[in-house]
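Colleague: Number 350 in the numbering used here belongs to position 343 of the first sequence; there are no gaps in the numbering.
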Amino acid sequence: MENEIQEARPLNFLEKIIEDDLANGRVPNNTIVTRFPPEPNGYLHIGHIKSICINFGLAEKYHGRCHLRLDDTNPAKEDMEYINSIKDDIRWLGFDWGKYEFYASDYYDQLYEIAIRLIKEGKAYVDDLSAEEMKEYRGTLTQPGRNSPYRDRSIEENLRLFEEMKEGMHPEGSKTLRAKIDMASPNINLRDPALYRIKFATHPRTGDKWCIYPMYDFTHPISDAIEGITHSICTLEFEDHRPAYDWATSIDGIEHTPHQYEFARLNVTYLLMSKRRLLYLVNNKFVTGWDDPRMPTISGIRRKGYSPESMKDFVSRVGVAKVEGMVDYSLMEFCVREDLNKRAKRLMAVLDPLKLVIDNYPEGQVEYFEAENNPEDPEAGTHSVAFTRELYIEREDFMETPVKGYHRLYPGNEIRLKYAYYVTAVKVDKDEDGNIVAVHCTYDPESKGGTTPDGRKVKGTSHWVSADHVLKAEVRQYDKLFKAEVPGAATGNYLDDINPDSLVVIPEAYIELEAAKAKVGDYLQFIRNGYYCVDSKDSRPEAMVFNRTCTLKDSWAKQKKKMGL
RNA sequence: UGGGAUGUAGUGUAAUGGUAACACUGCAGAUUCUGGUUCUGCCUUUGGGGGUUCGAAUCCCUCCAUCCCAGCCA
Numbered sequence: 008m009e010n011e012i013q014e015a016r017p018l019n020f021l022e023k024i025i026e027d028d029l030a031n032g033r034v035p036n037n038t039i040v041t042r043f044p045p046e047p048n049g050y051l052h053i054g055h056i057k058s059i060c061i062n063f064g065l066a067e068k069y070h071g072r073c074h075l076r077l078d079d080t081n082p083a084k085e086d087m088e089y090i091n092s093i094k095d096d097i098r099w100l101g102f103d104w105g106k107y108e109f110y111a112s113d114y115y116d117q118l119y120e121i122a123i124r125l126i127k128e129g130k131a132y133v134d135d136l137s138a139e140e141m142k143e144y145r146g147t148l149t150q151p152g153r154n155s156p157y158r159d160r161s162i163e164e165n166l167r168l169f170e171e172m173k174e175g176m177h178p179e180g181s182k183t184l185r186a187k188i189d190m191a192s193p194n195i196n197l198r199d200p201a202l203y204r205i206k207f208a209t210h211p212r213t214g215d216k217w218c219i220y221p222m223y224d225f226t227h228p229i230s231d232a233i234e235g236i237t238h239s240i241c242t243l244e245f246e247d248h249r250p251a252y253d254w255a256t257s258i259d260g261i262e263h264t265p266h267q268y269e270f271a272r273l274n275v276t277y278l279l280m281s282k283r284r285l286l287y288l289v290n291n292k293f294v295t296g297w298d299d300p301r302m303p304t305i306s307g308i309r310r311k312g313y314s315p316e317s318m319k320d321f322v323s324r325v326g327v328a329k330v331e332g333m334v335d336y337s338l339m340e341f342c343v344r345e346d347l348n349k350r351a352k353r354l355m356a357v358l359d360p361l362k363l364v365i366d367n368y369p370e371g372q373v374e375y376f377e378a379e380n381n382p383e384d385p386e387a388g389t390h391s392v393a394f395t396r397e398l399y400i401e402r403e404d405f406m407e408t409p410v411k412g413y414h415r416l417y418p419g420n421e422i423r424l425k426y427a428y429y430v431t432a433v434k435v436d437k438d439e440d441g442n443i444v445a446v447h448c449t450y451d452p453e454s455k456g457g458t459t460p461d462g463r464k465v466k467g468t469s470h471w472v473s474a475d476h477v478l479k480a481e482v483r484q485y486d487k488l489f490k491a492e493v494p495g496a497a498t499g500n501y502l503d504d505i506n507p508d509s510l511v512v513i514p515e516a517y518i519e520l521e522a523a524k525a526k527v528g529d530y531l532q533f534i535r536n537g538y539y540c541v542d543s544k545d546s547r548p549e550a551m552v553f554n555r556t557c558t559l560k561d562s563w564a565k566q567k568k569k570m571g572l
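What follows is the structure, given as structure tokens:
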């Protein structure tokens, strides 16, 4: 029953509300119903993961259910491609909405009838004010608004005009249906909010059936009510809309009354979390698409090799509260590394090859060594790796004149070639420009397997690849898309902080043959280089492409930086 | 200068009247066939001021700071 022991995590404020509601019989059928309601106008990003985990997580925890509802009330911006990607991304995270898949557009007929009812009750009216005029009549943050001259039209006229709007008899922008609330309200959302606007756009699901579309403040609360949502959880910027939400759910005839609660959206340093800006990056080719591994979209991080488990862990560590803050990117990387460390298959890949020749090793001889697939998990087994006289090591792993603290290969120094032998550098070959083209060394046959009978230690262990047993593949070294913690903070333009080195392509890296078995979705670690995955779009069996998921922690790099190297 | 919210180590989140804590980051060290992992230790915290109380991060007053709102977007 060990796995039944609940982690003693304190309740967040939403859980407290829910437990209180449950305890006091305020929840119909004692069944918590939440919903995740994205607008299909772009791809889901890391910020949405928080919302998804909260809504689906709460439903799971309290044995209720979570609806997926696509908030498709603005056909001008929405697309089927987005709907499909959203569903895909939620599934990837491991959540299942079962049969509870809804669309705001499912409720267009009901919404229309409610609007008619409001008109009949004198609670809504058709306004002829233009957008500019309406803005003027609305007043400002500090000044109350004025009533529209059309506010007191007769019910009959309103009914007729709204019908005409629906029939397409009026051009876009010429008329709106507005709620009659209070133009002097200190809350601008209550100054006769628009309920319907005219839009001659083809809707991804309803096609050309409608040319009037309901607004968020009208649609969302009523959709919640129709679906029996008990806790309607959204982000902080909707706090001001809660009175509008409550207005809509208290319209006569609406029986179920959900409540809205707001939490702080997720902000992460170095990342942009705005669909508008992400769309700009896509449209202007700063990235290759919504699923570019540098994008903070779910499809992007997935293609980059992040695991859903690590992301769920990340948002759970971030917690849920009402404080608008900025989470460190390093926490996210920590979560990715912690998860991948436990499950990534280890491989040796030489990204920047330097030839190493073992002068005293027999030419033509091949030995096979056992390489562990994962030192963190003995069950993961081993694979074999070929060893020959000529190898490649990382150029970084040799220095002709070592700096202080360097304990890799340099003339006279002995290191271990992982799993294989101890080698000592003897001399270097250079080209006419003085560049090192090969390093010669000798090996100690006694050190076979990586230890010696005399038990002597070496400070360095390098990974390597046999020159004759090598998979040549493209490796894409991804880094952060932006180099500033808050892109645009300095100049006001986030494009100024684009990281020019966010992608460095290595056209031909040398990887041990075992890598050829890797498939899309596998988690890999190229020892001492980082975590990698097979690119889901561009990799082919005969021309593999690997993406860097994230680097390993690198204390040597840190130390070098400190020494000013 | 209207309304709505929020202030706890560098960051995020706990503690709801009774010893301010956990994680990440950073720093130092140990271990290590990955300069990874693991382990140990260290650093730094209740926005300011007043009040109530034996006792305040918590209750009250006040000031300050930050965020959101003037779409026929969501």
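C-beta: ideal position from N, C-alpha, C; glycine also.
Could you check what DSSP says for N248 in three-state terms: helix, strand or coil?
Modeller: If you number the first sequence from 1, residue 248 lands on position 241. Reading the sequence as shown, one finds His at residue 248 and not Asn. If DSSP states are grouped into helix, strand and coil, H248 belongs with the helices.
Colleague: Roughly how many whole angstroms lie between the Cα atoms of H414 and D346?
Modeller: Residue mapping note: residue 414 aligns to position 407 of the first sequence, counting from 1. Residue mapping note: residue 346 aligns to position 339 of the first sequence, counting from 1. Taking the straight line joining both Cα atoms gives about 29 Å.
Colleague: My guess is that I25 and Y69 are in contact by the Cβ rule of under 8 Å, so how many angstroms apart are they, rounded?
Modeller: As a first step, residue 25 must be located in the first sequence, where it is residue number 18. As a first step, residue 69 must be located in the first sequence, where it is residue number 62. Rounded, the Cβ-Cβ distance is 6 Å, consistent with contact.
Colleague: Expressed to the nearest angstrom, what Euclidean distance is found between the alpha-carbon atoms of E492 and D503?
Modeller: One-based indexing of the first sequence puts residue 492 at position 485. One-based indexing of the first sequence puts residue 503 at position 496. Whole-angstrom Cα-Cα distance: 12 Å.
Colleague: Quick check on the burial criterion: 16 or more other C-beta atoms within 10 angstroms. Buried or exposed for L18?
Modeller: As a first step, residue 18 must be located in the first sequence, where it is residue number 11. By the neighbour-count rule (16 or more Cβ atoms within 10 Å), L18 is not buried but exposed.
Colleague: Return the Cβ separation of D224 and E128 in integer angstroms, given the expectation that the two are a contact with Cβ distance under 8 Å.
Modeller: Position 217 of the first sequence, counting from 1, holds the residue named residue 224. Position 121 of the first sequence, counting from 1, holds the residue named residue 128. About 18 Å separates the two Cβ atoms, so there is no contact after all.
Colleague: Hey, could you find the ends of the alpha helix (DSSP H) Y336 is sitting in?
Modeller: Locating residue 336 in the first sequence gives position 329, counting from the first residue. 336–350 is the extent of the alpha helix (DSSP H) around Y336.
Colleague: Let me check one thing: in DSSP terms, what residues is Y268 bridge-paired to?
Modeller: For the purposes of this step, residue 268 is taken as the residue at position 261 of the first sequence. Answer is I240.
Colleague: Whole angstroms is fine: what's the gap from S611's alpha carbon to S562's?
Modeller: Past the boundaries of the shown model lies residue 611; the chain is included only from 8 to 572, so the question cannot be answered.
Colleague: When DSSP builds the beta bridges, which residues end up paired with D451?
Modeller: Counted from its first residue, the first sequence places residue 451 at position 444. D451 is bridged to Y429.
Colleague: Can you give me the start and stop residues for the alpha helix (DSSP H) that E170 sits inside?
Modeller: Sequence index remark: in the first sequence, residue 170 carries index 163 (1-based). Unbroken alpha helix (DSSP H) run through E170: 162–173.
Colleague: Quick check on DSSP: helix, strand or coil for R42?
Modeller: As a working note, residue 42 is residue 35 in the first sequence. If DSSP states are grouped into helix, strand and coil, R42 belongs with the strands.
Colleague: What residue ranges within the segment 252–325 form continuous beta strand (DSSP E) runs of no fewer than 3 residues, ordered along the chain?
Modeller: Listed in chain order, they are 266–270.
Colleague: Please go through the same chain and pick out, in chain order, the residues whose beta-carbon is closer than 6 Å to the beta-carbon of N367, but skip the five residues on each side of it.
Modeller: On the first sequence, position 360 is the one that residue 367 refers to. Closer than 6 Å at Cβ, skipping near neighbours: T449.
Colleague: Count the CB pairs spanning the segment 221–241 and the segment 167–180 that are closer than 8 Å, and state whether there are at least three.
Modeller: No: fewer than three Cβ pairs fall under 8 Å.
Colleague: Tell me where the beta strand (DSSP E) around F376 begins and ends.
Modeller: Position 369 of the first sequence, counted from the first residue, corresponds to residue 376. Unbroken beta strand (DSSP E) run through F376: 374–379.
Colleague: Out of curiosity, what's the CA-to-CA distance linking K524 and K487?
Modeller: Position 517 of the first sequence holds residue 524. Position 480 of the first sequence holds residue 487. Their backbone Cα atoms lie some 28 Å apart in a straight line.
Colleague: Would DSSP call H52 helix, strand or coil?
Modeller: Position 45 of the first sequence, counted from the first residue, corresponds to residue 52. DSSP places H52 in strand when its eight states are reduced to three.
Colleague: Report the rounded CA-to-CA distance for T256 versus N380, giving the unit in angstroms.
Modeller: Locating residue 256 in the first sequence gives position 249, where the first residue counts as 1. Locating residue 380 in the first sequence gives position 373, where the first residue counts as 1. Distance between the alpha carbons of T256 and N380: 57 Å.
Colleague: Between the segment 158–168 and the segment 125–144, are three or more C-beta pairs nearer than 8 Å?
Modeller: Taking 8 Å as the limit for Cβ pairs, the verdict is that the segment 125–144 does touch the segment 158–168.
Colleague: Secondary structure at W471, three-state DSSP: helix, strand or coil?
Modeller: Numbered from 1 along the first sequence, position 464 holds the residue referred to as residue 471. If DSSP states are grouped into helix, strand and coil, W471 belongs with the strands.
Colleague: Suppose the cutoff is 6 Å on Cβ atoms and the five residues either side in sequence are ignored; what does the same chain contact list for E22 look like?
Modeller: Counted from its first residue, the first sequence places residue 22 at position 15. Cβ neighbours of E22 beyond the five flanking positions: none.
Colleague: Consult DSSP for E22 and reduce its assignment to one of helix, strand or coil.
Modeller: Mapped onto the first sequence, residue 22 falls at position 15. Looking at E22 - three-state DSSP - the assignment turns out to be helix.
Colleague: Going by alpha carbons, who is nearest to E515 out of K437, P360, K567?
Modeller: Walking along the first sequence from the start, residue 515 turns up at place 508. Of K437, P360, K567, the residue nearest in Cα terms is P360.
Colleague: For L572, collect the residues of the same chain with a Cβ closer than 7 Å to its Cβ; drop the 5 residues on either side in sequence, then sort them by chain order.
Modeller: Here residue 572 is taken as the residue at index 565 of the first sequence, counted from 1. These residues qualify, in order along the chain: V410.
Colleague: Classify R283: buried if its beta carbon has 16 or more other beta carbons within 10 angstroms, exposed otherwise.
Modeller: Mapped onto the first sequence, residue 283 falls at position 276. Label assigned to R283: exposed.
Colleague: Could you tell me the distance, in whole angstroms, from the CA atom of P156 to the CA atom of L184?
Modeller: Residue mapping note: residue 156 aligns to position 149 of the first sequence, counting from 1. Residue mapping note: residue 184 aligns to position 177 of the first sequence, counting from 1. Distance between the alpha carbons of P156 and L184 is about 14 Å.
Colleague: For a test of the three-state rule: what should DSSP assign to Q532, helix, strand or coil?
Modeller: As a first step, residue 532 is located in the first sequence; it is residue number 525 there, counting from the start. DSSP places Q532 in strand when its eight states are reduced to three.
Colleague: Determine the burial state of M355: buried for a count of at least 16 other Cβ atoms within 10 Å of its Cβ, exposed for fewer.
Modeller: Start at 1 with the first residue of the first sequence, and residue 355 comes out as number 348. Counting Cβ neighbours within 10 Å, M355 comes out buried, since at least 16 surround it.
Colleague: Does the segment 376–391 come within contact of the segment 338–353, defined as at least 3 CB pairs closer than 8 Å?
Modeller: The answer is yes - the segment 338–353 touches the segment 376–391, with three or more Cβ pairs under 8 Å.
Colleague: Tell me, to the nearest whole angstrom, how far the beta carbon of G467 is from that of L416; I am working on the premise that it is less than 8 Å.
Modeller: Numbered from 1 along the first sequence, position 460 holds the residue referred to as residue 467. Numbered from 1 along the first sequence, position 409 holds the residue referred to as residue 416. Going by Cβ atoms, the distance from G467 to L416 rounds to 7 Å, so yes, they are a contact pair.
Colleague: Thinking C-beta only, is P315 closer than 7 Å to W471?
Modeller: As a first step, residue 471 is located in the first sequence; it is residue number 464 there, counting from the start. As a first step, residue 315 is located in the first sequence; it is residue number 308 there, counting from the start. Contact flag unset, no.
Colleague: Report the three-state DSSP secondary structure of I365 (helix, strand or coil).
Modeller: Working through the first sequence from its first residue, we reach residue 365 at position 358. I365 falls in the strand class under three-state DSSP.
Colleague: Counting pairs of Cβ atoms below 8 Å between the segment 329–339 and the segment 272–290, do you hit three or more?
Modeller: The segment 329–339, when compared against the segment 272–290, does touch it at the 8 Å Cβ threshold.
Colleague: Using the DSSP secondary-structure output, state which residues sit across from S391 in a beta bridge.
Modeller: Sequence index remark: in the first sequence, residue 391 carries index 384 (1-based). Paired residues: E377.
Colleague: May I ask you to report which of helix, strand or coil DSSP gives A138?
Modeller: Mapped onto the first sequence, residue 138 falls at position 131. DSSP places A138 in helix when its eight states are reduced to three.
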